[in-house]
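So the structure is just underneath, and the comments pick up after that.
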Amino acid sequence: MNTDPVIKLEHVRKELSIRNGGEELVNTILPDISFSIGRGEFTAITGPSGSGKTTLLYLMGGLDKPNSGSVYLDGEEISAMSEEDLAEMRNAKLGFVYQFHFLLPEFTALENVMMPLLARGRAGVGDARKRATELLSDLGLSDKLHNKPNQLSGGQQQRVAIARALVNRPMVLLADEPTGNLDSKNAEVIYTLFSRLNEETGQTIVLVTHDDHFAGETRRILHILDGRLDSDRKLR
Amino acid sequence: MKINYHLLMIAFRQLLNRKRQTILTLMGISVGVMVLITAVSLMDGLLQSFIQKIVEIAPHVIVSGDKVRPTVPPQLVEPSPGTRVDFIKNVSRDEQDVIKNYPRVMDLISGDSLVQLVSPSVSTDVIAMFGTMSEPIQLFGIVPSLEDGIEKFSKNMLSGNYDELGKTPDGIMLGSTEAKDFTSRVGDRMQIVSPSGKIYSVRVVGIFQTGINDIDDNCYVNIRLGQSIGGFSPDEASHLYIRVNDLPKDGIVAKSIEKETNYTAVTWEEKAASVVALFKMISGIVYFLVVFVIMVAGFGVANVLITNVLEKARDIAILKSIGFRKREITWIYLMQGLMVALVGSAIGCLLGYVLIEIMSSIPMASSSAGAIRTDRLMMGKSPEYFILASLFAIIVSLVAAVGPSRNAAKVNPVEILRGER
């Protein structure tokens with residue numbers, strides 16, 4: 001599967017500088033990391049907290065830029081793109097799910113899911129509504145379309161967030177601890193959902209988690225230790 | 001970028017979410033707009049009504065006896081080499097400058113097609129006596145039938161009949177201020193002491209009130225009587241009052257009169273210039289102060305937006321991560337500023353309208369302290385006040401929104417997303 005990489009990192013170095021009084025402390029998160037992820041892969045990035053796995057995900061999503069090295073998405077070097085182009089690229093090719101749902105509290109579940117389609121005028125309101133309704137129904141939320149986020153349970157909120165990430169049919173779904181804030185029952189629903197997505201639609205998924213059980217559901221595990229690729233295991 | 005409906009919805013719902021703060025900000029803008037509208041209406045109303053009264057009642061051009069080009073006294077001593085001549089002072093006669101042979105001058109002026117009416121008058125400072133009271137007054141001798149076309153006395157009579165003045169050779173018409181001072185009524189006899197000391201007995205035939213205090217101080221008699229009291233010859237007048245057909249052309253009329261007759265002609269604009277300038281200065285000060293009210297309201301807008309941006313940093317981060325660009329984020333918050341300004345202005349216009357209506361209907365004790373007499377506030381009414389005040393509020397709000405909007409656009413999603421616990 002690695003023959004057709006959709007994400008490729010080449011000698012990526014990322015430092016974070018923390019201002020402490022007058023001093024500037026430079027903290028190297030990722031000294032030098034290279035790997036690639038193929039189309040249709042379901043990959044988990046694991047590692048202890050502070051190992052740099054979240055930073056890695058933000059770099060892949062173009063939310064953050066490396067200090068040196070290159071990040072490619074779909075053959076394009078996103079680490080060299082302008083902020084404007086990155087916004088366009090994220091909207092067109094990526095979907096994000098975070099540990100917290102981060103839904104807009106003033107909008108209903110349906111409106112939240114429509115938002116990425118409307119953001120760039122990718123679809124008219126009618127089409128966006130249709131697509132969002134279908135997706136939410138697929139995720140078992142057909143009776144919660146018009147609920148505001150605070151009228152939903154934690155699991156439901158996270159499923160709405162996943163629908164929002166999927167609504168523009170992204171090339172890659174990037175998830176940062178998507179079950180970190182859920183009880184085991186709801187977490188299980190999300191695991192199943194991700195596996196199903198990958199199997200049924202061939203959705204490329206990159207998942208950051210420290211949950212070994214969840215990682216075990218995936219097809220490949222990249223274990224990160226102190227910013228270095230510690231192991232790269234293919235499952236099944 | 002086209003203004004997308006969803007951006008407006010985000011802006012609108014965020015404002016709605018902070019109801020109390022938004023309402024307070026709206027109130028700030030509304031009150032600012034209301035006060036500005038009312039102040040402009042008040043100042044403009046005063047000025048306009050003053051000008052209107054003047055145009056209606058005062059002569060458009062006044063010709064007086066002053067010469068435009070002074071007549072040079074003949075040389076007393078023929079200068080020749082070696083002669084020294086010292087002039088200490090050119091002694092002038094102690095008499096008023098008058099328009100000589102005024103009927104001929106009137107004919108000359110009337111020839112101009114722009115001139116509607118010419119009315120002669122003589123003015124003399126005299127002492128009027130009634131019972132035990134005496135007071136200096138300015139007495140005008142006029143041709144009643146002509147003068148009515150200028151000062152519209154017949155429409156402004158408090159008592160008596162204006163036509164009586166023309167029919168009564170010893171009749172006098174009093175301005176309301178003088179009539180009040182003397183407590184004299186129509187039919188009473190008064191004495192006038194001329195500058196030369198002669199006493200004339202006159203009968204009050206009417207009392208008028210124009211509303212312009214300068215005119216209501218005056219008293220009028222027939223021109224013949226005025227001439228003999230003031231010591232004028234029958235063909236002399238001190239002023240010619242002119243009404244023109246087309247008001248903006250009064251300057252042209254005045255110029256051509258000066259050229260043809262060599263007598264000084266002054267337009268009403270020149271005469272009222274100092275009062276108009278004073279009005280404008282006072283309005284300037286008032287506007288300056290009121291503008292600050294809206295500026296303060298602008299701080300309110302900045303405040304509600306800054307709070308919104310801080311509180312919504314997480315939402316801004318997520319909007320950015322799903323593909324909103326800087327300019328769209330900026331738009332959301334500029335729109336919030338605009339929405340507050342539009343709604344605030346609309347409410348302010350409504351309140352301003354109501355306030356103007358209320359203020360212009362409150363009866364007030366008439367006062368003779370100002371330039372004109374009125375029994376209520378004269379408020380200007382023009383859509384311009386509303387448009388100007390709203391436009392100003394909108395500009396101030398947008399300017400106030402620029403800073404917070406730019407801050408919103410600068411939000412770095414990684415910092416916010418990482419910072420979440």
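If you're matching them up, the sequences are chains A and B in order. Going by my numbering, the first residue of the first sequence is number 1, and it counts up by one from there. Going by my numbering, the first residue of the second sequence is number 1, and it counts up by one from there. Beta carbons: idealized from backbone N, C-alpha and C, even for Gly.
Task: alpha helix (DSSP H) runs wholly inside the region 112-147 of chain A, at least 4 long, in chain order - done: Uninterrupted alpha helix (DSSP H) stretches at least 4 residues long and entirely within the region 112-147 of chain A occur at 125-138, given in chain order.
Task: Residue burial classification, GLU420(B) (beta-carbon count within 10 angstroms, cutoff 16) - done: By one-based count along the second sequence, residue 420(B) stands at place 420. At GLU420(B), the pLDDT of 46 sits below 50, so the modelled position is not reliable and the matter cannot be decided from this model.
Task: Length of the line joining the Cα atoms of PHE237(A) and PHE102(A) - done: Since the first residue of chain A shown is 1 and the last is 236, residue 237(A) is not available in this structure.
- [ ] Rounded to whole angstroms, what's the CA-CA distance from ILE252(B) to VAL301(B)? Just pull it up for me.
- [x] By one-based count along the second sequence, residue 252(B) stands at place 252. By one-based count along the second sequence, residue 301(B) stands at place 301. The C-alpha of VAL301(B) is placed about 52 Å away from the C-alpha of ILE252(B).
Task: Spatially closest choice to HIS6(B) from MET81(A), LYS14(A) and ALA123(A), by CA coordinates - done: Translated into positions along the second sequence, residue 6(B) becomes position 6. Distance check between HIS6(B) and each of MET81(A), LYS14(A) and ALA123(A) places ALA123(A) closest, using alpha-carbon atoms only.
Open item on the list: Does any residue of chain A have a CB that is nearer than 9 Å to the CB of LEU16(B)?
Closed with: Looking up residue 16(B) in the second sequence gives position 16. Flagged as an interface residue toward chain A: LEU16(B), by a C-beta distance shorter than 9 Å.
Open item on the list: Assuming contact is defined by CB atoms lying nearer than 9 Å, are SER64(B) and MET379(B) in contact in what I supplied?
Closed with: Indexing the second sequence from 1 puts residue 64(B) at position 64. Indexing the second sequence from 1 puts residue 379(B) at position 379. Contact: no.
Task: Inter-residue Cα distance where the pair is ILE109(B) and VAL118(B) - done: Taking the second sequence and counting its residues from 1, one reaches residue 109(B) at position 109. Taking the second sequence and counting its residues from 1, one reaches residue 118(B) at position 118. So the alpha carbons of these two residues sit roughly 8 Å apart.
TODO: Measuring only between beta-carbons, confirm whether LEU24(B) sits less than 9 Å from chain A.
DONE: Walking along the second sequence from the start, residue 24(B) turns up at place 24. Not closer than 9 Å to any Cβ of chain A, the Cβ of LEU24(B) fails to qualify, so no.
Open item on the list: Alpha carbons only, please: which of LYS14(A), GLY121(A) and ARG129(A) is nearest the one belonging to THR108(A)?
Closed with: One-based indexing of the first sequence puts residue 108(A) at position 108. With distances taken between Cα atoms, THR108(A) lies closest to ARG129(A).
TODO: Note down the Cα distance separating SER368(B) from SER176(B), rounded to an integer number of angstroms.
DONE: For the purposes of this step, residue 368(B) is identified with residue 368 of the second sequence, where counting begins at 1. For the purposes of this step, residue 176(B) is identified with residue 176 of the second sequence, where counting begins at 1. Note on SER368(B): pLDDT 48, under 50, position unreliable in the model; the coordinate value appears next. Using only the alpha carbons, I get a separation of about 11 Å.
- [ ] Look at the alpha carbon of LEU16(A) and the alpha carbon of VAL160(A), and state the distance between them as a whole number of angstroms.
- [x] The residue labelled residue 16(A) in the question sits at position 16 within the first sequence. The residue labelled residue 160(A) in the question sits at position 160 within the first sequence. If you draw a straight line from the Cα of LEU16(A) to the Cα of VAL160(A), it comes to about 32 Å.
Open item on the list: Counting only Cβ pairs nearer than 9 Å, list the residues of chain A close to ARG314(B).
Closed with: Along the second sequence, read from residue 1 onward, the residue named residue 314(B) stands at position 314. PHE100 and PHE102, listed in chain order.
TODO: Would you mind giving the Cβ-Cβ distance between GLY323(B) and ARG164(A), rounded to the nearest angstrom? I have them listed as a contact below 8 Å.
DONE: Stepping through the second sequence from its first residue, residue 323(B) is reached at position 323. Stepping through the first sequence from its first residue, residue 164(A) is reached at position 164. The beta carbons of GLY323(B) and ARG164(A) sit about 11 Å from each other, so the pair does not count as a contact at 8 Å.
TODO: Give a yes or no on whether the C-beta atoms belonging to ILE37(A) and ILE7(A) are separated by under 9 Å.
DONE: To locate residue 37(A), count along the first sequence from 1; it is residue 37. To locate residue 7(A), count along the first sequence from 1; it is residue 7. For the pair ILE37(A) and ILE7(A), the CB atoms are nearer than the 9 Å cut-off.
Open item on the list: Strictly below 8 Å CB to CB, what residues from chain B border ALA119(A)?
Closed with: Along the first sequence, one-based indexing puts residue 119(A) at 119. In chain order: HIS6, LEU319, ILE322, GLY323, PHE324 and GLU328.
- [ ] Give the DSSP bridge partners of LYS67(B), in chain order.
- [x] Position 67 of the second sequence, counted from the first residue, corresponds to residue 67(B). LYS67(B) has TYR263(B) as its beta-bridge partners, per DSSP.
TODO: Check each residue of the region 184-212 of chain A: if its Cβ is closer than 9 Å to any Cβ of chain B, include it; give the result in chain order.
DONE: Residues passing the 9 Å Cβ filter: none.
TODO: Flag MET9(B) as yes if its beta-carbon sits less than 9 Å from any beta-carbon of chain A, otherwise no.
DONE: For the purposes of this step, residue 9(B) is identified with residue 9 of the second sequence, where counting begins at 1. Interface residue, yes.
Task: Among LEU355(B), LYS410(B), ILE329(B) and SER360(B), nearest to ILE10(B) - alpha-carbon criterion - done: The residue labelled residue 10(B) in the question sits at position 10 within the second sequence. With distances taken between Cα atoms, ILE10(B) lies closest to ILE329(B).
Task: Nonlocal neighbours in the same chain, by C-beta distance under 7 Å from ASP148(B), ignoring five residues either side - done: As a working note, residue 148(B) is residue 148 in the second sequence. Taking ASP148(B) as the centre and dropping the five residues before and after it, the same chain places the C-beta of SER154 and TYR162 closer than 7 Å to its C-beta, in chain order.
Task: GLN116(B) - containing beta strand (DSSP E), residue span - done: By one-based count along the second sequence, residue 116(B) stands at place 116. That run of the beta strand (DSSP E) goes 115-130.
TODO: Buried or exposed for GLU41(A), please, with buried defined as at least 16 other CB atoms from any protein chain shown within 10 angstroms of its CB.
DONE: On the first sequence, residue 41(A) is found 41 positions in, with the first residue counted as 1. GLU41(A) comes out buried.
Task: Unbroken stretches of the alpha helix (DSSP H), 4 residues or longer, contained in the region 203-241 of chain B - done: Qualifying alpha helix (DSSP H) stretches, in chain order: 213-216 and 223-230.
Open item on the list: Taking a contact to mean a Cβ-Cβ separation below 9 Å, would you say VAL221(B) touches ILE150(B) in this structure?
Closed with: Start at 1 with the first residue of the second sequence, and residue 221(B) comes out as number 221. Start at 1 with the first residue of the second sequence, and residue 150(B) comes out as number 150. For VAL221(B) and ILE150(B), no; Cβs fall outside 9 Å.
TODO: Return the chain-ordered ranges of every beta strand (DSSP E) run that is complete within the region 162-209 of chain A and spans a minimum of 3 residues.
DONE: Segments of the beta strand (DSSP E) lying fully in the region 162-209 of chain A: 172-176 and 204-208.
Task: Length of the line joining the Cα atoms of LYS19(B) and SER30(B) - done: For the purposes of this step, residue 19(B) is identified with residue 19 of the second sequence, where counting begins at 1. For the purposes of this step, residue 30(B) is identified with residue 30 of the second sequence, where counting begins at 1. Cα to Cα, LYS19(B) sits roughly 16 Å from SER30(B).
Open item on the list: When you compare the CB positions of LEU437(B) and VAL402(B), do they come within less than 9 Å of one another, or not?
Closed with: The first residue shown for chain B is 1 and the last is 421, placing residue 437(B) beyond what the model contains.
- [ ] Could you please tell me which residues of the region 51-84 of chain A, in chain order, have their CB closer than 8 Å to any CB of chain B?
- [x] Listed by position along the chain: THR54, TYR58, GLY61, LEU63, ASP64, GLU83 and GLU84.
Open item on the list: Quick check: the Cα distance between LYS410(B) and THR54(A), rounded to an integer number of angstroms?
Closed with: Translated into positions along the second sequence, residue 410(B) becomes position 410. Translated into positions along the first sequence, residue 54(A) becomes position 54. Rounded to the nearest angstrom, the two C-alpha atoms are 22 Å apart.
Open item on the list: Closer than 8 Å to a non-hydrogen atom of the ligand ZN - does that hold for the CB of SER321(B)?
Closed with: In the structure shown, the ligand ZN is absent, as is every other ligand, since no ligand is present at all.
TODO: Assign GLU84(A) to one of three DSSP states: helix, strand, or coil.
DONE: For this step, residue 84(A) is matched to residue 84 along the first sequence. DSSP places GLU84(A) in helix when its eight states are reduced to three.
Open item on the list: As a quick exercise: from PHE100(A), VAL167(A), ASP232(A) and LYS234(A), pick the residue whose alpha carbon is nearest that of LEU182(A).
Closed with: Position 182 of the first sequence, counted from the start, is the residue given in the question as residue 182(A). Of the listed residues, the one whose Cα sits closest to LEU182(A) is PHE100(A).
TODO: Could you name the residues of the region 394-418 of chain B whose beta carbon sits closer than 8 Å to any beta carbon of chain A, in the order they occur along the chain?
DONE: From the region 394-418 of chain B, only PRO413, VAL414, LEU417 and ARG418 have a Cβ closer than 8 Å to chain A.
Open item on the list: Between THR43(A) and ARG220(A), how many whole angstroms is the CB-CB distance? I'm expecting something under 8 Å.
Closed with: Translated into the one-based positions of the first sequence, residue 43(A) becomes position 43. Translated into the one-based positions of the first sequence, residue 220(A) becomes position 220. Correct: roughly 5 Å between the Cβ atoms.
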